[in-house]
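Below is one structure, written out as structure tokens, with a few remarks after it.
Protein chains in written order, with our numbering: chain E, 1 to 133; chain Z, 1 to 133; chain U, 1 to 133.
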């Protein structure tokens, strides 16, 4: 059933929903009227937290599941996925404070993501080579 | 085969493609030259319709499928998903008219999405508790 | 195992990660300080390459897999998916050079995407009609 991978996926989605809700709140607090997404630096940092996380979620979710399915190791996939979620929480808290403070969380989540993508690709190719494409 | 859930997924993707095509049309109509995404409020509202729907699709699609797989209730998942699609159609039509008119559709789709995410998380945790993680 | 479809998915994710890394490089090269995403046209084109690809990935990945699952033809799905990846490489190289040069790659990937969405929808409806929804 891939329970742990599904659990990490839902945690990532919940975290992203928190970011989206915070962006909505920042829109009201800093009086940035829709449809604008610029005009106030505090709002823009909040907006970029969710936008950059979206740019990474589109890679993270498929890579996590392909890694899990082709490695046949749910615990490993979910563990790496959890590192990604922790890195993204750090990124959110850092970037909300200052643009320069977004680095460590970005790097941690990015590392987990590269492992999922390259590892997932490796497991897929290995299956193709050993079982035929 | 999860036919109904796949059908709702395809409807959501078709709706989003309509929004993307309308954004391309608005780019020409309001003479907003690529790569700019600002400069004309009518274009910006159209652009935000698709951008905000993208921000929600990244949550909606994985949550819909995890809800369907872990609830083992395709009809319920597809029904909630259909409410999301209807809410997003209302959001599109409202926001294209005026920024203030985007509220009701946003709220309806948002409600369906929260049910899918929290419900999906609940079903996953329940499986973990009863069957072991 | 859907090895070929998984392989094409990973290629698309790798291509998108290249675009994201290039956007980060352009941010430094053209001195566009976070959280801004505008202010330099060369950066903005690079930013739009990844943003537009994201707007398409959210449709491409679910449509590719639903097409593969419901057509039960992995080779066909992976072949159309590979055309999408090639179109997006052309789009990236063209748009990085000039905004007007983004057309051919955009059209090729768009064509593949429409085939996956409408074809996938067709296969889903066909299953529903022949096997019951």
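By construction, the Cβ of each residue, glycine as well, lies at the ideal position given by its N, Cα and C atoms.
As the structure is a prediction and not an experimental result, all values here were calculated from the model.
Setting aside the 5 residues that flank it on each side, residue 32 of chain E is surrounded in the same chain by 39, 40 and 43, each with a C-beta closer than 6 Å to its C-beta; the list follows chain order. Taking the Cα of residue 108 of chain Z as reference, the smallest distance to any Cα among Z/25, Z/70, Z/98 and Z/94 is reached at Z/94. Judged by pairs of C-beta atoms under 8 Å, the region 13–24 of chain U touches the region 103–123 of chain E, as three or more such pairs exist.
For residue 97 of chain Z, the closest C-alpha among the options Z/55, Z/82 and Z/46 is that of Z/46. Counting only Cβ-Cβ distances below 7 Å, residue 116 of chain U has no contacts in chain E at all, with the closest Cβ about 15 Å away. Inter-segment contact for the region 1–16 of chain E and the region 74–85 of chain E is present: three or more beta-carbon pairs are separated by less than 8 Å. With contacts defined as CB atoms closer than 8 Å, residue 90 of chain E and residue 110 of chain E fail to qualify as a contacting pair. Per DSSP, residue 30 of chain U is not a residue of any alpha helix (DSSP H), being assigned neither H nor E. One alpha carbon belongs to residue 103 of chain Z, the other to residue 124 of chain U, and they sit about 32 Å apart. Separation of residue 129 of chain E and residue 3 of chain U (C-alpha to C-alpha, rounded to the nearest whole angstrom) is 10 Å. For residue 33 of chain U, no CB of chain Z lies under 8 Å from its own CB, so it is not counted at the interface with that chain. For residue 131 of chain Z, the uninterrupted alpha helix (DSSP H) run begins and ends at 103–131, by DSSP.
Excluding five sequence positions before and after residue 57 of chain U, the CB atoms of its chain that fall closer than 7 Å to its own CB belong to 12 and 16, given in chain order.
Residue 81 of chain E carries a helical assignment under DSSP once its states are collapsed to helix, strand and coil.
Using a Cβ-Cβ cut-off of 8 Å, residue 20 of chain Z counts as an interface residue toward chain U, since at least one Cβ of chain U sits closer than that to its own. Residue 52 of chain E: member of the alpha helix (DSSP H) spanning 41–71, first to last residue. Within the same chain, and ignoring the five residues on either side of residue 61 of chain E in sequence, the residues whose Cβ sits closer than 8 Å to its Cβ are 9 and 12. In the three-state DSSP reduction, residue 34 of chain Z falls in the coil class, being neither helix nor strand. Around the beta-carbon of residue 26 of chain E, 16 or more other beta-carbon atoms lie within 10 Å, marking it buried. For residue 86 of chain Z, not one C-beta of chain U is nearer than 8 Å to its own C-beta. Residue 49 of chain U counts as buried, since no fewer than 16 other beta carbons sit within 10 angstroms of its beta carbon.
Note on geometry: alpha-carbon atoms of residue 121 of chain Z and residue 67 of chain Z lie some 8 Å from one another. If you ignore the 5 residues before and after residue 53 of chain Z, its C-beta comes within less than 7 Å of the C-beta of 16, 19 and 88, all in its own chain and listed in chain order. Residues 46, 47 and 50 of the same chain have their beta carbon placed closer than 7 Å to that of residue 23 of chain U, with the five preceding and five following residues left out of the count.
Between the alpha carbons of residue 101 of chain U and residue 80 of chain Z lies a gap of roughly 42 Å.
Residue 1 of chain U carries a coil assignment under DSSP once its states are collapsed to helix, strand and coil. When C-beta distances to chain E are compared with 7 Å, the residues of the region 5–18 of chain U below that value are 6, 7, 9, 10, 13, 14, 16 and 17, in chain order.
The C-alpha of residue 78 of chain Z is placed about 16 Å away from the C-alpha of residue 127 of chain U. In the three-state reduction of the DSSP assignment, residue 96 of chain E falls in the helix class. Scanning Z/64, Z/75, Z/74 and Z/70 for the CA closest to the CA of residue 113 of chain Z turns up Z/64. One finds 62 in chain U with Cβ atoms closer than 7 Å to the Cβ of residue 61 of chain Z, taken in chain order. Between residue 99 of chain Z and residue 34 of chain E, the CB-CB gap stays under 8 Å. For residue 59 of chain U, same chain residues with a beta-carbon under 7 Å away, outside a window of 5 residues either side, are 113 and 117 in chain order. What residue 90 of chain E touches in chain Z, judged by beta-carbon distance under 8 Å, is nothing: the nearest beta carbon there is about 20 Å away.
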